[in-house]
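> In my numbering, the protein residues as written are 8 to 135.
Think of the CB as a built atom: it goes at the ideal place given N, C-alpha and C, for glycine as much as any other residue.
1) Residue 14 and residue 60: beta carbons closer than 7 Å?
2) Is residue 97 helix, strand or coil by DSSP?
3) Alpha carbon to alpha carbon, what distance is there between residue 71 and residue 12?
4) Can you tell me where the beta strand (DSSP E) holding residue 67 begins and where it ends?
5) Where does the unbroken alpha helix (DSSP H) through residue 36 begin, and where does it stop?
6) What separation, rounded to the nearest whole angstrom, lies between the Cα atoms of residue 129 and residue 27?
7) Applying the 10 Å Cβ sphere with the 16-neighbour rule, what's the burial state of residue 102?
8) Secondary structure at residue 79, three-state DSSP: helix, strand or coil?
9) Just verifying my parser: in three-state terms, what is the DSSP assignment at residue 114?
10) Alpha carbon to alpha carbon, what distance is there between residue 16 and residue 63?
11) Quick one: give me the first and last residue of the beta strand (DSSP E) that residue 85 is part of.
12) Which first and last residues belong to the beta strand (DSSP E) in which residue 14 is found?
13) Terminal residues of the continuous beta strand (DSSP E) containing residue 71?
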């Protein structure tokens, strides 16, 4: 049987500022698809904690879904941790960049460099 884990990243989840609705929705969708949910974990915005959790889950699961740590703030380091674990550099994904620009344009908001950094992805990854 295929087994999966959901790993949610964010100090805000640990301290109760944000309810982890992503994990419950992902768990429900995977379960509905017939995939066994083996664990749901939460780690803070700390590089070493993320590395350890990702490594542990990948040793035991067929699927690992990560949420969080993708925003434009200094503590959003999920992509960098993954790039490091998979020995990859970062690149700008043009589709993601264009999508970000469209969102800001549609909302008539200014775009800052930090917002465009959200289009950076590990070179060896495929954006879905």
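According to the structure shown:
1) yes
2) strand
3) 5 Å
4) No beta strand (DSSP E) holds residue 67; the alpha helix (DSSP H) holding it covers 54 to 67.
5) 28 to 39
6) 25 Å
7) exposed
8) coil
9) coil
10) 15 Å
11) Careful: residue 85 lies outside any beta strand (DSSP E), inside the alpha helix (DSSP H) at 85 to 92.
12) 10 to 16
13) 70 to 74
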